[in-house]
Amino acid sequence: MPLPKRHPSLAVIVIEDDLDARRIYSEYLRMRGWTVFTASDGRSGLNKTIDLLPDVVVLDLAMPKVDGWTVLKQLRASSMTVQIPVVVVSAVMDSRDEAFYSGCDAYLAKPCPPDVLDRQLRSLLRQRLAGLQTL
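Read in numbering that gives the first Met the number 0, the sequence shown has 127 at position 128, and its numbers run on one by one without any break.
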């Protein structure tokens with residue numbers, strides 16, 4: 000399914016310390032029409048998210064420098080980033096409930112196929128657009 004015509008290219012940042020996962024997700028999402036930015040640790044991911052204000056964030060929880068939990072909490076605490084949907088993709092066992100409590104919009108367990116991630120991102124953005132149209 001192509002991206003909505005109103006948005007010729009939506010931006011996503013993939014914050015993931017595993018090089019293979021970061022590469023697979025970013026290449027697949029680019030093929031599907033996304034503008035993709037990446038970060039290999041939480042600190043640079045948080046800084047890039049604040050600088051770029053992407054349409055959606057893909058976030059791993061277990062990362063060096065600043066973990067995904069801290070990134071998620073800081074994104075939710077900032078008025079600039081509080082409305083950006085965050086999809087957690089993690090292998091951290093039993094973290095789903097806490098991730099939602101901390102403010103994620105969706106949670107996908109690793110290993111997560113890139114097409115499943117793409118569908119989740121599109122679903123979240125369709126929900127956001129539908130919510131804005133009802134205002």
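Even for Gly, the Cβ is constructed at its ideal location relative to N, Cα and C. Keep in mind it's a predicted model, so treat the numbers as computed, not measured.
{"Asked": "Bridge partners - residue 11, DSSP secondary structure assignment", "Found": "35 and 55"}
{"Asked": "The region 42–60 in contact with the region 79–95 per 3-pair CB rule at 8 Å", "Found": "yes"}
{"Asked": "contact_flag[the region 58–77, the region 24–36] where n(CB pairs < 8 Å) is 3 or more", "Found": "no"}
{"Asked": "Buried or exposed (CB count within 10 angstroms, at least 16 for buried), residue 52", "Found": "exposed"}
{"Asked": "Simplified DSSP assignment, three categories, for residue 76", "Found": "helix"}
{"Asked": "Pick from 12, 59, 16 and 57 that is closest to residue 37, judged by C-alpha positions", "Found": "12"}
{"Asked": "Buried versus exposed call for residue 22 [16 or more other C-beta atoms within 10 Å across all chains shown]", "Found": "exposed"}
{"Asked": "Reduced DSSP category for residue 94 - H, G, I as helix; E, B as strand; rest coil", "Found": "coil"}
{"Asked": "Inter-residue spacing [alpha-carbon to alpha-carbon] between residue 18 and residue 74", "Found": "23 Å"}
{"Asked": "Nonlocal neighbours in the same chain, by C-beta distance under 6 Å from residue 14, ignoring five residues either side", "Found": "38, 44 and 58"}
{"Asked": "Contact check, residue 105 vs residue 123, beta carbons under 7 Å", "Found": "yes"}
{"Asked": "Inter-residue Cα distance where the pair is residue 118 and residue 111", "Found": "12 Å"}
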